Every structure is written in structure tokens, then in C-alpha cells.
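A.B. asks: Please see the structure below; I have some questions.
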Amino acid sequence: MASVRSNTPCSPAAPRWRRAVFGCVAATTLLVGVAAQATTVRRSKHFQLVCEMRDDLFADDAMAVLDQVWALAERHFQPTAKAGTKKLAVRVYSDRRRYAAAAVRHRMPWYAKFQGFADGRTLTAHVMMVDAAWWTEAGMDPGNRQTLAHEAAHLMVMLCTQSRGSFLPKWVAEGFPMWVEGEVMRAGGWAKSRVADPIEGLRVQQARALVAAGTFPKVAAMLRDDWGKLTELDKYHPIRMLWILLAERHEAAHRALLETLRDTTASAALPAIFASRLKSALGEDAWQKLDAELLAFVAAREVAPYPAPAPLPVDVVGKPGDAQFVPGSPAVRWQGSSTAKSYSISATLTMQPGGMPQSDLVFGRIANQWLRVSLVAGAGVYLMGRREAPGKPGPWQVLAAVRGVDQIVTGKPISVKLWGRGQTVTCSIDSKKVLEQELKDWRIQGKWGVGGPRGSVASWVRPVLR
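Numbering (the numbering used here), first residue to last: -14 to 451.
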């Protein structure tokens, strides 16, 4: 779906002092010291999305998630007829203070410690990205993608259903969005199946931990909102497993829940109504066996391994700084604005023994490409390039390679310098030119940074752009 793009500086809206003194004090405290934030904006037919990070790929990924949620809701709730020409507003935060301030402004301060909330009065969703400045080379990571889908699903309930989300029992209010998460991941091509989704696998393991601890609730207890001593977050795991079980093995019951969610008006009787519809749709025999079936389902569920992270960029706004990499934090640390037509980048690199003997200087980063010089001790210098579409990165290509570069060693500092002139890239180590290559079909100007892959132990000191 086509969308309108814009990048604008944006200050947090002043709080509307509509609440008691506590709300005023809290909002004031949260907004102190929160500077103006650059944003990336997308507008589609149904959504206005504001991302608090200047990155087109991240914003495109986020809009793709929202469009998948809308398409799913269209099959069940007909949101287009309900919304008319109104666009639903979604804001993605990179700063916990801004997100918390928004929760207070919307009179929902209890959500400040969580990752997202949706406001039915304003039909807006607010999502805090975990490690928002970090994202994989393929775009948004699975966890943040599912959080965004979850809050957008809450918006669909608030927009389209007779209850507008009021008086829903927790197992329905949160179960539907959790079911949507997995459907969106499959529909968007981000996971082949629920079983292949590493986030779903993590949730299965969390549910198993509750079973092992003896705190996994009975279905009847879930239906009457009796959670024992479970924490707020722990409640999500049995709810998720119940909804997945119903969707995969009891389609009639699952369909009945969606119809009840769509058509039943808000009232204090809703918890009893949903429980009754579920029992009726399952039938007495299946209802009596549901607890045992759910526990067996959790125990037997195949779990996909969580993949090792790819290099993860960290946006650094302002003055470039040093970057330290250890085996558990593969990353590219971005160093501010894009390069000019002609430029040089210099830094001191030290790769420590015992880790993966590779470090990278990344440059020419624009919306559809990556370029990098990979320095590999004992191997050489590699000029690498990769083209990509939103969420669909292509393979890395070796554009040039110089092997047997003696200066690249571990255990001592080396001086690295890269020049960009027109379409030609030149790299030197300890003042000796080791690589020069013309790149006719690549743009060598763009965002730049320094980094290391998983397993590297290295430091870049004083990276400077001239």
C-alpha cells in the first residue's frame, strides 16, 4: 500500500491537565529534560504512523505490520465501514520517558511500565520499542513487530466491536491481540508458521515454566479472571496458549469467540457471556477435557530456537563517540548524519584475541542498500554490498577483496581510514593503501558507522568523519 512519507522534528505535546494533582505532577516530572525528537511519519489509507527514529526501513516495517492487522480485522470486523475516512493514529517511541509521559497524558499512568497501550477515547495506540535504537539488518525485530501488532489489534477492537473493548474479561481482551500477533507474522511473511516463530517459542517456554511451578491456571479460573498469584505479565502466557489451542483445534469455538467479540455490547455480564459461548461451542465433552488438552498442548508444542542476532545498528545522535563490542552485543554503532559527496572516515581499531577476528566499517547506508569494509585478521580486507527491499534483505556480495593484509592483527591498535570520492572507495591501514575500488552501481554516500559481528571482541576509538 502506498504511503506518504515525511521526516519532521517533533516536540512532545504538552500534557492536557485534565486529571487530579497526581497526574499533573507525574506528567511534569516525566517531561522534564525530554528534548525535541526527530521523527519519521507515514500515512496510509487507514493509519497515521509516527516513529521516533529517523529511519525509513523501520517506519516501512512498522506500517507493513499495521496494514496486516487491518487486513486481518477486515475479515472479521469490517473496520473500513466503521472508520470511514478517519485514520487511526499510532506512535512508536524510542525513549521510555516520552512513552511514559504519553501514558500519563492519556490518563493511563499504569501502562508506563509496560510496552504499549491503546486509548479507545482517542483511537490512538502508543508503543515503546524495546531497544528501539537497535534493529536487525532485516528490519524490525520479531518482538517489537509483535508488540506493535498487539496494540493495533486493541485498536481494532475499540473501533469495530459493539463493546468498544469495555467490560471484556482479560482472557478475551488480551487473548485476541495475542492471537493476532501470530497471524500477522505469518501473513506478512515474517514467520512461516506459529511453530517456526521464535517469539512464539519463547512464550511456550514461559508457559511451561508456569506448569512446572504449579501456577498454570485452570481454564475455568481464567474465564472468571482468577489468576492466583500470577504477575500481570505471567497471565499472558496461559491466555496465549488457550487462544492458539482454540484456533488450531477448535475452530468453531474460536469463531464463536470472534463473533461474540464483534457483536456483543458492553455490559458487566460480558465475562459470563463469553464463558457460556465457549462452553456451548466446545460441547460438554470437550469442555470437560479442555484443561488436560491445554496442558498436553503446551507440553508437546514444538519450539523454534531464537536465532542468533544479526549485526544490530545503534543510532547515535550528535557527536561521534567510541564503540566497544563484546561477544554478546553484535552491533553497528551509527555515527550521526550522512556523509558528503567526498569524505574520509578514520578511527583506531583494536581486535582482541579470543574473539571472532573481524570488525566492520559501514558506510553508504541508505534505504535500499548497505556497504561495508570488513577487516578480518589473518584473511584480509573485504568490500561488501547488499541491496534490500523493506523487510526483504538480499544476499551480501563481495565487491572487492584483498587477501593477506599483514597489518590486520589482533591484540594491538591499527589505524583505519576510508575515503569516498565520487564512486571510488579507498581504504588504508596504518597509512598504507590496501584497497581501492570503483562502485559504478552503488551510492557510497550515506549513513556511516563502525561495528562488529557476533562473537567479535573489539573497540573502535575516535571514529571521525571529515
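Here a beta-carbon is modelled for each residue, glycine too, at the ideal position from N, C-alpha and C.
Quick caveat: nothing in here was measured; it's all calculated off a predicted structure.
Hey, could you find the ends of the beta strand (DSSP E) Arg262 is sitting in?
C.D. replies: The residue you call residue 262 lines up with position 277 of the sequence shown. No beta strand (DSSP E) holds Arg262; the alpha helix (DSSP H) holding it covers 255 to 267.
A.B. asks: So, for Ala232: in the same chain, excluding its five sequence neighbours on each side, which residues have a beta-carbon less than 7 angstroms away from its beta-carbon?
C.D. replies: Locating residue 232 in the sequence shown gives position 247, where the first residue counts as 1. These residues qualify, in order along the chain: Trp164, His239.
A.B. asks: Any idea what DSSP makes of Leu424, helix, strand or coil?
C.D. replies: Counting from one through the sequence shown, the residue named residue 424 turns up at place 439. Three-state result, Leu424: coil.
A.B. asks: Quick check on Asp391: does DSSP put it in helix, strand or coil?
C.D. replies: Here residue 391 corresponds to residue number 406 of the sequence shown, with the count starting at 1. It is coil, neither helix nor strand.
A.B. asks: Which residue spans inside the segment 93 to 174 form an unbroken alpha helix (DSSP H) run of at least 4?
C.D. replies: As far as the segment 93 to 174 is concerned, its whole alpha helix (DSSP H) runs of at least 4 residues are 127 to 145, 155 to 158, 160 to 172.
A.B. asks: Considering only C-alpha positions, which residue in the set Gly405, Val366, Leu360 is nearest to Lys326?
C.D. replies: By 1-based counting over the sequence shown, the position of residue 326 is 341. Checking every option, the nearest Cα to that of Lys326 belongs to Gly405.
A.B. asks: Closest by CA to Ala271, which one among Glu236, Arg90, Arg428?
C.D. replies: Here residue 271 refers to the residue found at position 286 when the sequence shown is read from its first residue. Closest by alpha carbon: Glu236.
A.B. asks: Is it right to say Ala277 is buried, meaning 16 or more other beta carbons lie within 10 angstroms of its own, or is it exposed?
C.D. replies: What you label residue 277 is simply residue 292 of the sequence shown in a count that begins at 1. The residue is exposed, with fewer than 16 neighbouring Cβ atoms inside 10 Å.
A.B. asks: Pick from Arg130, Ala103, Arg447, Asp219: whose alpha carbon is nearest that of Asp182?
C.D. replies: What you label residue 182 is simply residue 197 of the sequence shown in a count that begins at 1. Asp182 has its Cα closest to that of Arg130, out of Arg130, Ala103, Arg447, Asp219.
A.B. asks: Taking 8 angstroms as the cut-off, does the segment 246 to 266 touch the segment 208 to 225 (at least 3 CB pairs, one atom from each stretch)?
C.D. replies: Segments in contact, yes.
A.B. asks: Which residues does DSSP list as the beta-bridge partners of Lys417?
C.D. replies: For this step, residue 417 is matched to residue 432 along the sequence shown. Lys417 pairs with Ile414.
A.B. asks: How would you call Ala47, buried or exposed, if buried means at least 16 neighbouring beta carbons within 10 angstroms?
C.D. replies: On the sequence shown, residue 47 is found 62 positions in, with the first residue counted as 1. That one is buried.
A.B. asks: What would DSSP say about Leu187, mapped onto helix, strand or coil?
C.D. replies: Within the sequence shown, residue 187 is the residue found at index 202, counting from 1. If DSSP states are grouped into helix, strand and coil, Leu187 belongs with the helices.
A.B. asks: Return the chain-ordered list of same chain residues with a C-beta closer than 6 angstroms to the C-beta of Glu166, the five sequence neighbours on each side being excluded.
C.D. replies: Taking the sequence shown and counting its residues from 1, the one referred to as residue 166 is at position 181. Once the five neighbours on either side are set aside, the close Cβ partners of Glu166 are Gln131, Ala134, His135.
A.B. asks: Would you list the one or two residues that DSSP bridges to Ser400?
C.D. replies: Numbered from its first residue, the sequence shown carries residue 400 at position 415. For Ser400, which the question treats as bridged, DSSP gives the partners Thr333.
A.B. asks: Between the alpha carbons of Gly199 and Pro223, how many angstroms are there, rounded?
C.D. replies: As a first step, residue 199 is located in the sequence shown; it is residue number 214 there, counting from the start. As a first step, residue 223 is located in the sequence shown; it is residue number 238 there, counting from the start. Roughly 12 angstroms between the two C-alpha positions.
A.B. asks: Tell me whether Ala12 sits in a helix, a strand or coil according to DSSP, three-state version.
C.D. replies: What you label residue 12 is simply residue 27 of the sequence shown in a count that begins at 1. Per-residue confidence for Ala12 stands at a pLDDT of 33, beneath the threshold of 50, marking its modelled position as unreliable; the derived number appears in the next sentence. Three-state DSSP puts Ala12 in a helix.
A.B. asks: Taking the beta strand (DSSP E) that Leu360 falls in, what are its first and last residues?
C.D. replies: Position 375 of the sequence shown, counting from 1, holds the residue named residue 360. 354 to 361 is the extent of the beta strand (DSSP E) around Leu360.
A.B. asks: Beta-carbon separation of Met114 and Ser79 under 9 angstroms?
C.D. replies: Reading the sequence shown from its first residue, position 129 is the one you call residue 114. Reading the sequence shown from its first residue, position 94 is the one you call residue 79. Result yes, Cβ atoms of Met114 and Ser79 sit closer than 9 angstroms.
A.B. asks: Using DSSP with H/G/I as helix, E/B as strand and the rest coil, what is Gly18?
C.D. replies: Working through the sequence shown from its first residue, we reach residue 18 at position 33. For Gly18, the predicted structure reports a pLDDT of 40, less than 50, and the residue's modelled location is therefore unreliable. The matter cannot be settled from this model.
A.B. asks: Just mark Ser407 as buried or exposed, buried being the case when its beta carbon has 16 or more other beta carbons within 10 Å.
C.D. replies: Here residue 407 corresponds to residue number 422 of the sequence shown, with the count starting at 1. According to the sequence displayed, residue 407 carries Gly and not Ser. The residue in question, Gly407, is exposed, as its Cβ has fewer than 16 Cβ neighbours within 10 Å.
A.B. asks: Going straight from the alpha carbon of Leu195 to that of Pro202, what length do you get?
C.D. replies: Your numbering for residue 195 matches position 210 in the sequence shown. Your numbering for residue 202 matches position 217 in the sequence shown. Between Leu195 and Pro202, the C-alpha separation is close to 9 angstroms.
A.B. asks: Whole beta strand (DSSP E) runs in the segment 17 to 65 with 3 or more residues, listed along the chain?
C.D. replies: Complete beta strand (DSSP E) runs here, min 3: 22 to 28, 32 to 36.
A.B. asks: In terms of residues, what are the limits of the beta strand (DSSP E) holding Asp345?
C.D. replies: As a working note, residue 345 is residue 360 in the sequence shown. Where Asp345 is concerned, the enclosing beta strand (DSSP E) stretches over 343 to 351.
A.B. asks: Whose C-beta lies closer than 6 angstroms to the C-beta of Arg357 among residues of the same chain, with five residues either side of it excluded?
C.D. replies: Counted from its first residue, the sequence shown places residue 357 at position 372. Correct list, in chain order: Asp345, Val347, Met369.
A.B. asks: Can you list, in chain order, the residues of its chain whose CB lies under 6 angstroms from that of Val35, leaving out five sequence neighbours each side?
C.D. replies: As a position in the sequence shown, residue 35 is number 50, starting the count at 1. Thr24, Val26, Arg76, listed in sequence order.
A.B. asks: Assuming Leu246 and Thr146 are in contact, meaning their beta carbons sit under 8 angstroms apart, how far apart are those beta carbons, in whole angstroms?
C.D. replies: Stepping through the sequence shown from its first residue, residue 246 is reached at position 261. Stepping through the sequence shown from its first residue, residue 146 is reached at position 161. Correct: roughly 6 angstroms between the Cβ atoms.
A.B. asks: Can you find at least 3 beta carbon pairs, one from the segment 277 to 289 and one from the segment 174 to 188, that sit closer than 8 angstroms?
C.D. replies: Counting Cβ pairs under 8 angstroms, three or more are found: they touch.
A.B. asks: Spatial neighbours of Trp156 within its chain, please: CB distance less than 6 angstroms, with the 5 preceding and 5 following residues excluded, ordered by chain position.
C.D. replies: One-based indexing of the sequence shown puts residue 156 at position 171. Counting only Cβ-Cβ distances below 6 angstroms, and skipping sequence neighbours, we find Met207, Ile224.
A.B. asks: I need the DSSP call for Lys326, collapsed to helix, strand or coil.
C.D. replies: Here the question's residue 326 lines up with position 341 in the sequence shown. Lys326 falls in the coil class under three-state DSSP.
A.B. asks: Among Lys71, Gly268, Asp41, Gln63, whose alpha-carbon lies nearest the alpha-carbon of Lys30?
C.D. replies: The residue you call residue 30 lines up with position 45 of the sequence shown. The residue with the shortest Cα to Cα distance from Lys30 is Lys71.
A.B. asks: Roughly how many angstroms lie between the CA atoms of Gln430 and Asp415, to the nearest whole one?
C.D. replies: Within the sequence shown, numbered from 1, the residue matching residue 430 stands at position 445. Within the sequence shown, numbered from 1, the residue matching residue 415 stands at position 430. Their backbone Cα atoms lie some 24 angstroms apart in a straight line.
A.B. asks: From the DSSP output, in three-state form, read off Lys432 for me.
C.D. replies: Along the sequence shown, read from residue 1 onward, the residue named residue 432 stands at position 447. If DSSP states are grouped into helix, strand and coil, Lys432 belongs with the strands.
A.B. asks: By the DSSP assignment, the alpha helix (DSSP H) with Trp445 in it spans what residues?
C.D. replies: Position 460 of the sequence shown holds residue 445. Counting along the chain, Trp445 falls outside any alpha helix (DSSP H), though it belongs to the beta strand (DSSP E) covering 443 to 450.
A.B. asks: Using DSSP bridges, identify the partner residues of Val75.
C.D. replies: Along the sequence shown, read from residue 1 onward, the residue named residue 75 stands at position 90. Answer by DSSP bridge pairing, in chain order: Leu34, Ala110.
A.B. asks: Alpha carbon to alpha carbon, what distance is there between Lys220 and Arg234?
C.D. replies: Here the question's residue 234 lines up with position 249 in the sequence shown. Here the question's residue 220 lines up with position 235 in the sequence shown. Going by the C-alpha atoms only, they are around 22 angstroms apart.
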